[in-house]
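Participant: Take this structure first; my questions come after.
Numbering (my numbering), first residue to last: 65 to 151.
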């Protein structure tokens, strides 16, 4: 299965980064998890939900540091998994 790539504007929440570092950069070991992905509308209401089976983060990409740029800073988290369910 191809990896799932999650993108979002950079926030102060570091939970995804901490999970990535724990499993890839500091020699830590993490069991695969079954995270849920919720798509929200502009009012913050859930439109649909997916569940990844046995997922692990494998790549984290942050925005380029460019003082002259005017784009919104976006971060990416790449997840490998063994399946995807639409709930």
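Note that the Cβ used here is the ideal one computed from N, Cα and C, for glycine as well.
The structure displayed is predicted, hence computed values, not measured ones.
Taking just the CA atoms, how far does residue 71 sit from residue 135?
Facilitator: Working through the chain shown from its first residue, we reach residue 135 at position 71. Working through the chain shown from its first residue, we reach residue 71 at position 7. Taking the straight line joining both Cα atoms gives about 14 Å.
Participant: So the beta strand (DSSP E) residue 80 belongs to, where does it begin and stop?
Facilitator: Numbered from its first residue, the chain shown carries residue 80 at position 16. Counting along the chain, residue 80 falls outside any beta strand (DSSP E), though it belongs to the alpha helix (DSSP H) covering 79 to 88.
Participant: Can you tell which of 74, 99 and 82 has the C-alpha that lies nearest to the C-alpha of residue 68?
Facilitator: Along the chain shown, one-based indexing puts residue 68 at 4. Checked all of 74, 99 and 82; the closest Cα to residue 68 is 99.
Participant: Using the beta-carbon count (16 or more within 10 Å), is residue 164 buried or exposed?
Facilitator: Nothing can be reported for residue 164, as the shown portion of the chain is limited to 65 through 151.
Participant: Going by CA-CA distance only, name the one from 102, 128 and 124 that's closest to residue 116.
Facilitator: For the purposes of this step, residue 116 is identified with residue 52 of the chain shown, where counting begins at 1. Among 102, 128 and 124, the Cα nearest to that of residue 116 is on 102.
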